[in-house]
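Chains as they are written, first to last, in the numbering used here: chain A, 1 to 216; chain S, 1001 to 1216. Backbone N, C-alpha and C define an ideal beta-carbon position, used for all residues, glycine too. What follows is a short report on a single structure.
There are 2 protein chains.
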Amino acid sequence: MGAMAEGLRERKKRQTRQHLSDVATGLFLERGFDAVTIAEIARAADVSVNTVYNYFPTKEDLFLDRSRGIVDRLSRYVRGRDRGESAADAVLRELRIQVEGVSPTVGLMEGYERFMRVIEGADGLKARLWHVQQEVLQHLESTLQEESGAEPGDPTPVLVAGQLHWVHSTLTAYIGREMAAGRGAAEVSRDALVLLDDIEDLLGEKVLNYARRAAE
Amino acid sequence: MGAMAEGLRERKKRQTRQHLSDVATGLFLERGFDAVTIAEIARAADVSVNTVYNYFPTKEDLFLDRSRGIVDRLSRYVRGRDRGESAADAVLRELRIQVEGVSPTVGLMEGYERFMRVIEGADGLKARLWHVQQEVLQHLESTLQEESGAEPGDPTPVLVAGQLHWVHSTLTAYIGREMAAGRGAAEVSRDALVLLDDIEDLLGEKVLNYARRAAE
DNA sequence: TCAATATTTGGTGTCATTGCAATTTTTAAG
DNA sequence: CTTAAAAATTGCAATGACACCAAATATTGA
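See the structure below:
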């Protein structure tokens, strides 16, 4: 058997993982993060507690499983910038696309407030999200160091990374807050676009022009 | 009896609290945060576990007790800005003073690397520090909203607060990293001043001039 | 010295998380 | 189809943070 065909075992593992995440998320949305125990999740999913831990190292992972693959989003925006675009240009352009498209990747999606409420009520989840943010930042720092070809020791790429990361986190924080307040995604999307203009207006020239890719 | 005289009870409480924090910090520095249990701390301090919890709500508080009173530091810088100074001017000036003075308030102090190592090895502590950062940011947001007299709904004060907070966190992150690498405080202080120049150079005009206090 | 008040403590319980050994399932090979 | 190795699941026990409560002690002002 080759690497192509996916064995029964692999399929069942993915299913079990998904099932666990779904069941757990459902319970969290219903009753809040802290009020649900791992034992309950296991019972509801019809597996043992140990099996839960086989798939998810911590309780937080059960809820944040969906939010993976975000770590390198900003880096990809920067690497994928067009000719003539700076790193900041690319990030702002891509973020505007996400916001205009009312994309869940920036927290725009009906019913997102329910997720927000769960997060707001659990410090453990907040801590975990901040951890993810740190990873995003570090990833972006390395990316900008490479993309800018700066000499080691030059703090500029790290500083610009910090600024671009701030743009992103400020945007998502705003969206999260507004969605948590119960506003509609379309409405928040409109306001977020204005906010992005304000943010761009606040950035320094150096930041806006950093790592500009040669035109043509 | 008046509020002046401090009774025996008050004195003993402060002593016990300090003693607990000292004993705990000593153990943490020796063996790391996770490797020390509350029970051990209680035993070493010759009190019961419950008494520890009487003074410190969580294990993290035992280590981070010293770092209190930081929440409104940035806000105080802004409120205390001189005539002719903008909010950013004041923050940059005060930070330069702290850095030049090799002040422990920005993490400059011989032996600080040991604290850093404890923090690096414990996610719970990192999470706690991020939480403090959030409080600093929120505090600064309110302050700038007041100090700028912006209409409610204007996002500018919040955005500028984010930028000033970024300046501060970038500086302390840099210092923390360098100190953790085992470099001397005086040396790191010098480099940090250069970094502050780079940071200032990166900020936008709008940020640098926000909430400027009328001269004279 | 007494009674009100605050502090300490021991006991008990919940829950996340880990380690381990026994058991069951899946897979690949014969 | 049988089978032995590999992987997954499970039960069981233990650790440690933290909460709750009632009994025991210490401190205070009167």
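* Asked: Does A/Asp-89 get closer than 9 Å to chain S when you measure Cβ to Cβ?
  -> no
* Asked: S/Val-1047 and S/Thr-1016: beta carbons closer than 9 Å?
  -> yes
* To do: Could you give the DSSP three-state label for A/Leu-228: helix, strand or coil?
  => Here chain A has residues from 1 to 216 only, and residue 228 of chain A is not among them.
* is_contact[A/Ala-3, chain S] using C-beta, thresh 9 Å -> With a pLDDT of only 36 at A/Ala-3, under the threshold of 50, the placement of this residue in the model should not be trusted; the figure read from the coordinates follows. By this cut-off, A/Ala-3 is not an interface position.
* To do: Measure how close the beta-carbons of S/Phe-1063 and S/Val-1118 come, nearest whole angstrom, since I'm counting them as under 8 Å.
  => 7 Å
* Indicate whether at least one CB of chain A lies closer than 9 Å to the CB of S/Leu-1164. => no
* **Beta-carbon neighbours of A/Lys-206, restricted to chain S and to distances below 8 Å** => Asp-1201 and Leu-1202
* Asked: Just to confirm, does A/Ile-70 get its C-beta within under 8 Å of one of the non-hydrogen atoms of the ligand MN?
  -> Absence of the ligand MN is noted for the structure shown, with no ligands found whatsoever.
* Taking the C-alpha atoms as reference points, what is the distance between A/Ala-39 and S/Glu-1040? -> 29 Å
* **Counted within 10 angstroms of its Cβ, other Cβ atoms place S/Val-1160 as buried (16 or more) or exposed** => buried
* Are the beta-carbon atoms of A/Gly-124 and A/Phe-33 separated by less than 9 Å? -> yes
* Applying the criterion that 16 or more other CB atoms from any shown protein chain within 10 Å of the CB defines a buried residue, is S/Lys-1012 buried or exposed? -> exposed
* Per DSSP, S/Leu-1203 is paired with what? -> A/Leu-203
* To do: Please state if the CB of S/Val-1052 and the CB of S/Ala-1045 are separated by a distance shorter than 9 Å.
  => yes
* **Start-end ranges of the alpha helix (DSSP H) lying completely within the segment 40-89 of chain A, minimum 4 residues** => 49-55, 59-64 and 73-79
* Give the straight-line distance between the Cα atoms of S/Arg-1128 and S/Ile-1070, rounded to the nearest whole angstrom. => 13 Å
* Could you check what DSSP says for A/Ser-103 in three-state terms: helix, strand or coil? => coil
* Starting from S/Asp-1123, trace the alpha helix (DSSP H) both ways and give me its first and last residue. => 1123-1148
* **A/Arg-11 - DSSP class collapsed to helix/strand/coil** => helix
* **Helix, strand or coil at S/Gly-1026 according to DSSP, with G and I counted as helix** => helix
* To do: Let me know if A/Ser-75 comes out buried or exposed under the rule of 16 or more other beta-carbons within 10 Å of its beta-carbon.
  => buried
* Simplified DSSP state of S/Thr-1037, which is helix, strand or coil -> coil
* **Length of the line joining the Cα atoms of A/Ala-185 and A/Ala-88** => 25 Å
* To do: Examine chain S for any beta-carbon lying closer than 9 Å to the beta-carbon of A/Asp-61, and answer yes or no.
  => no
* Terminal residues of the alpha helix (DSSP H) in which S/Glu-1113 lies -> 1112-1120
* To do: Could you have a look at S/Ala-1180 and say whether DSSP puts it in helix, strand or coil?
  => helix
* Asked: Where A/Val-136 and A/His-165 are concerned, what is the direct C-alpha to C-alpha distance, given to the nearest angstrom?
  -> 8 Å
* Asked: Which residues in the same chain as A/Phe-115 place their Cβ atom closer than 7 Å to its Cβ, once the five residues preceding and following it in sequence are excluded?
  -> none
* Asked: Distance, Cα to Cα, A/Met-4 vs A/Gln-18?
  -> Reliability fails at A/Met-4, whose pLDDT of 40 lies under 50, so the model's placement of it is uncertain and the value that follows must be treated cautiously. Going from the Cα of A/Met-4 to the Cα of A/Gln-18 covers about 21 Å.
* To do: Taking only beta-carbon positions, decide if A/Leu-64 is within less than 9 Å of chain S.
  => no
* Return helix, strand or coil for S/Asp-1154, following the three-state DSSP convention. => coil
* **Residues that S/Thr-1058 contacts on chain A, provided the C-beta gap is smaller than 7 Å** => Residues of chain A passing the Cβ test: none, with the nearest at roughly 10 Å.
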